[in-house]
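J.: Handing you a structure now.
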Amino acid sequence: MNKIIAVLLLAPLSASAAPVAGPLNIGVAAAVRGAVRATAPGAAGRVVETGKPVYARDKVTTGPEGKLQILLLDQTSFTIGANSEMELDEFVFDPATNAGKVSAKIVKGAFRFVTGKVARRDASSMRVDTPVGTIGIRGTMTAGTVSNTEATIVLLGPGPQNNADEKSGGITVKNDKGSTEIDKDGWGVTVKAGEAPSKPFEVPAAQLEGILSGVGSSPKGESTDGKSDTGSTGSSSGQDTAKGKENATDAFAAVDAAQSETTQFAAQQFAAPRTSTWDEVRGIPGGTGKYSGSGAYYNCTGGTCSGSSLGTTSFAINVDFGARTLAGGGSAITMTAGGGGINTSSIGSLSYASLSGDALVDLSSVISAPAGNFNGTTLKLINSGGVTAGTASLDVRAVNTSSPGTTLGGAVTGSLVP
Amino acid sequence: MKFLLLAVLAFPLSASAQNAPNVDRESQDASRRGAAERKAAELAAQAASSSSDEIPFEAILAAPGDLDLNERFARQQISRGDLRGAATTLERILILAPGRDRTRLLYAAVLYRLDALQDAERETRLVLSRPAPAEVLDEAKAYLKLIEGRGRKTHFDARLSLGYGYDDNRNSAAESGRNLFFGTPITLNPDSLRRSDTNVTFAGALGVSRDFGGSKPQKAFANFSYYRGEQTLVDTLDLQAYSVNAGLALRYRGFDITPALGFDHVLLSQSTYLRGLWQGLRVSRRVLPRLQLFADFRHDDQGFVRTRYVPNAEDRTGDQYDLSAGAVWAASPRDRFGATLLHRRKYARAVALAYRRESVALEYTRLLGRGMFLAAGLTAQFDRYDRPDLTLSSQGRSDDAYVGNLLFGAPLGLLWKPLAAFNGTLGYERFRQTSNLINYAYTNNRLTALLTYKWGI
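Protein chains in written order, with my numbering: chain C, 299 to 716; chain D, 15 to 471.
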């Protein structure tokens, strides 16, 4: 069926050079107020009323109180105000594909147009001429005023914040002296005869009002609302529905924050860490590795180590789960400050084969030298990330070699590496 | 209906072939035209008589002066998302019947939705100047406030959310109840098994944006957000996060380009866990009126900090690069589909924690009207780690995760008008991860309820 429509529509145009039965009906005078006349090339003028057809190459004029909306078959609309004149130069439309061409000329007066299917499919397929320049279109609602010597053209929308899934509007106004692009609603350009289009400017409110009132309707008297006018505007305009999109975006933002991958990772790394028991450690059938870690040490008073950091403790303690031994074989503890060694010692091997209770052991007896320097240092194995003994905590107590009689220390944790 | 359409189209075409644009000839053809107009009137009457029937555009061409038919046609256009068409229809009604105040307010609302603010403001002010019913004037005042707000060059907004959640495996415990350790499965400690937990969440966000004021719709923006989640039992997963970001929203040749910088500070169980600095670039373009394509690049410089409960956190420190692309398609004004493909490269100090991720996410959102929505999502992600974690196994780790979620939201003003600024959401998420290492194969079901208050000027 669509093909039939296309053929019917296109035939008169394609045959435009040859004699045809009549002019091409390209749309309708959809709303007429006051005096409006149309003239086709070579024909006498006719009075235009609401509902009458308009034809390709019609020249349409409005009187002092006139106003007209032309609705083309592709749903492009042109509205012109009083004392205006426009020509419908060319219209081709294939309803099957929405391909076609729309070309019109605003000769004088106030106008507004809203692009239809042809421009929506391919914006370059529509152009609107004025005596001083041409308007190229990118999905647009546009208004303006035109005279023989000057035109002011304003982009009305759709703006970038539209919630109607519309492309933002844009226009390019050009003549043989130059061109100007406008991408922001409420901005416009002035073109004077013989001059390039001006730079874009934010159209002053009073000037914009003048343009819009030229093509807009002005209510008078009592309200005459119709029978379909019920319900809230938020609902009937779709704004309430569109608001759901914004609400969804907000909800996603809040939920995303709660479900961040960061916490997921953390959860996998630990599950209620607690001190292992020797029985649990002995349950590990085999494997060797090394607990290594580093952290700050402090002054210790009365068993509590706190205050400002005085240096770094680092440790490496081997483990052989098969042989059930800890430390030995290069295991060491090192305390440094300002690059100089304060206390360093290797740690000898110890067996946990027969230990019981929490996996906590005093290393004093296996820390080699200097004798007594690490008295009170303990090692604790921790179940971490669901893994038995996945982490070791070394709680260091060491003599301050720079200030004998004082103690340094603090807990340092390290994870197991193979 | 197809026959009807053809008939309607045939009318003006046949008329055009026979009616020369000549007043005299028109009068000669009056009888023929009269028959055609009667046919058009019939069609319009048919469309008008049944409120449930679709109104074809051809019926409007046949009877553009039928105001009530136009009014219904405009609502049909709105429901189908043809806002520009609706604006044309409503403008037509108002040319013919400028005293229709409700229609004018609807016209203003449609223009507002199209972000044609100057036009919308003019029509709204015209309504406000009229002796219209009080409810119409009240709505017009509300729209004027919205229009003026959107027209400001500087915008502020704030969001506060309070929520409650439940996870049936908050600690992401392995489904098998065992973990590999040096290649040997070991039964998990009882307190490391699957633990359900509830949590209370609070989120706050502040944003500001400033239009540059030039001829392009370009602006700068900055946001700050705070999130806090307090677990009831698994306190080690108590989370706080502070985030700041700033960027530019630029427009160039139809492309929306958004470069941004940000900083995140995350605390777990009151201890700093992550400090991350990121930069990103998003490019999007509406290639069709309802189809938007986008591409995102983001680089995170992640600095994990060891905590009491995550002593190996630093092992994860390293860069993360995300490259994603996707599409958002508004199939109808109520139905939106989204698809995103993501490639991630995560580097880590411990090479065993470095991985590559490929993921695909599909989303569907149904706008239910009156501000309500239902959203569903499906994500599949595939992580391949660079090297085995020999503490666990000599096998390289491969995780495949599948996430399904459902989210329902509604403005609470539907229940009680004074709560109009609050939105409530209920969510469900099913997470299932398979892995070649039993440690990382687990499931979690999550329920969330969230109350959000939003404010903006």
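Heads up, the beta-carbon is just placed ideally off N, CA and C, and yes, glycines get one too.
Just so you know, these numbers come straight off a predicted model, no measurement behind them.
Excluding the five sequence neighbours on either side, which residues of its own chain have a C-beta within less than 6 Å of the C-beta of L75/D, listed in chain order?
T.: Correct list: empty, nothing qualifies.
J.: Curious, which full-length alpha helix (DSSP H) runs of at least 4 residues does the region 209 to 250 of chain D contain?
T.: Those alpha helix (DSSP H) runs which fall completely within the region 209 to 250 of chain D and span 4+ residues do not exist here.
J.: Do the region 346 to 357 of chain C and the region 325 to 333 of chain C touch if we need at least three Cβ pairs shorter than 8 Å?
T.: In short, these stretches touch, since the Cβ pair count reaches three.
J.: Taking only the alpha-carbon atoms, compute the straight-line gap between D656/C and T573/C and give it to the nearest angstrom.
T.: Approximately 6 Å, taken between the alpha carbons.
J.: Would you check if the distance between the CB atom of V101/D and the CB atom of A172/D is smaller than 8 Å?
T.: The question names Val, but residue 101/D in the sequence shown is Ala. No, they are not a contact pair.
J.: Measure the alpha-carbon distance for R384/D versus T331/D and round it to whole angstroms.
T.: About 46 Å.
J.: Using a Cβ cut-off of 9 Å, which residues of the region 200 to 223 of chain D contact any Cβ in chain C, in chain order?
T.: From the region 200 to 223 of chain D, only I200, T201, L202, N203, D205, S206, L207, R209, N213, T215, A217, A219 have a Cβ closer than 9 Å to chain C.
J.: Do we get a CB-CB distance below 8 Å when we pair D400/D with the residues of chain C?
T.: It does not: the Cβ of D400/D has no partner Cβ on chain C nearer than 8 Å.
J.: Against chain D, does D427/C count as a neighbour if the rule is that its beta carbon must be under 8 Å from one of theirs?
T.: It does not; no Cβ of chain D falls within 8 Å.
J.: Taking the alpha-carbon of V358/C as reference, which of I680/C, R344/C, F672/C has the nearest alpha-carbon?
T.: For V358/C, the nearest C-alpha among the options comes from R344/C.
J.: Return the residues of the region 321 to 335 of chain C that lie within a Cβ-Cβ distance of less than 9 Å from chain D, sorted by chain order.
T.: Going along the region 321 to 335 of chain C in chain order, one finds P321, L322, N323, I324, G325, V326, A327, A328, A329, V330, R331 with a Cβ nearer than 9 Å to chain D.
J.: At least one CB of chain C closer than 8 Å to the CB of F489/D: is that the case?
T.: Residue 489/D is absent from the structure shown; chain D starts at 15 and stops at 471.
J.: For a test of the three-state rule: what should DSSP assign to T102/D, helix, strand or coil?
T.: Reduced to three states, the DSSP call for T102/D is helix.
J.: Measuring only the C-alpha atoms, how far is T405/D from T448/D?
T.: Each residue's Cα considered, the two are about 20 Å apart.
J.: Would you verify that the beta carbon of E464/C is, or is not, closer than 8 Å to some beta carbon of chain D?
T.: It does; some Cβ of chain D falls within 8 Å.
J.: Under 7 Å, CB to CB, which of the residues in the region 148 to 169 of chain D have a partner in chain C?
T.: Cβ contacts with chain C come from E153, R164.
J.: Going by alpha carbons, who is nearest to A408/C out of L648/C, D387/C, L322/C, S511/C?
T.: Of the listed residues, the one whose Cα sits closest to A408/C is S511/C.
J.: How many angstroms separate the CA atom of G593/C from the CA atom of G620/C?
T.: The alpha-carbon atoms of G593/C and G620/C are separated by roughly 29 Å.
J.: Alpha carbon to alpha carbon, what distance is there between R419/C and Y487/D?
T.: Chain D is shown from 15 up to 471; residue 487/D falls before or after that span and cannot be answered.
J.: Relative to the C-alpha of N616/C, which candidate in A540/C, S647/C, M439/C has its C-alpha closest?
T.: When each option's Cα is compared against that of N616/C, the closest is S647/C.
J.: Taking only runs of the alpha helix (DSSP H) that begin and end inside the region 111 to 137 of chain D, which ones reach a length of at least 4 residues, in chain order?
T.: Entirely contained in the region 111 to 137 of chain D, the alpha helix (DSSP H) runs reaching 4 residues are, in chain order, 115 to 127.
J.: Could you name each continuous alpha helix (DSSP H) segment of 4 residues or more that falls completely within the region 412 to 490 of chain C, going from the start of the chain to the end?
T.: Whole alpha helix (DSSP H) segments, 4+ residues: 415 to 419.
J.: Under 8 Å, Cβ to Cβ, is there at least one residue of chain C near T117/D?
T.: With 8 Å as the cut-off, T117/D counts as an interface residue toward chain C.
J.: Would you please verify whether the beta carbon of R418/C is less than 8 Å from any beta carbon of chain D?
T.: By this cut-off, R418/C is an interface position.
J.: Can you name the residues of chain D whose CB is closer than 8 Å to the CB of A540/C?
T.: By Cβ distance, chain D contributes R127, P347, L381.
J.: Could you tell me how far apart the beta carbons of S283/D and T246/D are, in whole angstroms, since I believe they sit closer than 8 Å?
T.: Going by Cβ atoms, the distance from S283/D to T246/D rounds to 14 Å, so no, they are not a contact pair.
J.: Going straight from the alpha carbon of R300/D to that of P273/D, what length do you get?
T.: Distance between the alpha carbons of R300/D and P273/D: 18 Å.
J.: Interface residues of chain D around M439/C at Cβ under 8 Å?
T.: Near M439/C (Cβ distances below 8 Å), the residues of chain D are R98, A101, L128, A130, D133.
J.: Leaving out the 5 sequence neighbours to the left and right, which residues in its chain are closer than 6 Å to P458/C when beta-carbon positions are compared?
T.: Once the five neighbours on either side are set aside, the close Cβ partners of P458/C are S466.
J.: Does any CB atom of chain D fall closer than 8 Å to the CB of E520/C?
T.: True, the Cβ-Cβ gap to chain D drops below 8 Å.
J.: Under 8 Å between C-beta atoms, does L451/D make it to chain C?
T.: Taking Cβ atoms only, chain C never reaches closer than 8 Å to L451/D, which makes this a no.
J.: I'd like to know if N193/D contacts chain C, where contact means its C-beta is closer than 8 Å to some C-beta of that chain.
T.: With 8 Å as the cut-off, N193/D counts as an interface residue toward chain C.
J.: Excluding sequence positions up to five away, which residues of its chain have a Cβ less than 6 Å from the Cβ of N88/D?
T.: Before going on, a small fix: residue 88/D reads as Ala here, not Asn. Correct list, in chain order: A100, T103, L104.
J.: Determine the extent of the beta strand (DSSP E) in which W343/D is found, giving its start and end residues.
T.: Where W343/D is concerned, the enclosing beta strand (DSSP E) stretches over 332 to 344.
J.: In angstroms with no decimal places, state the Cα-to-Cα distance between R139/D and V297/D.
T.: Answer to the nearest angstrom: the Cα atoms are 37 Å apart.
J.: With a Cβ-Cβ cutoff of 8 Å, do G455/C and D133/D count as a contact?
T.: Taking 8 Å as the Cβ cut-off, G455/C and D133/D qualify as a contacting pair.
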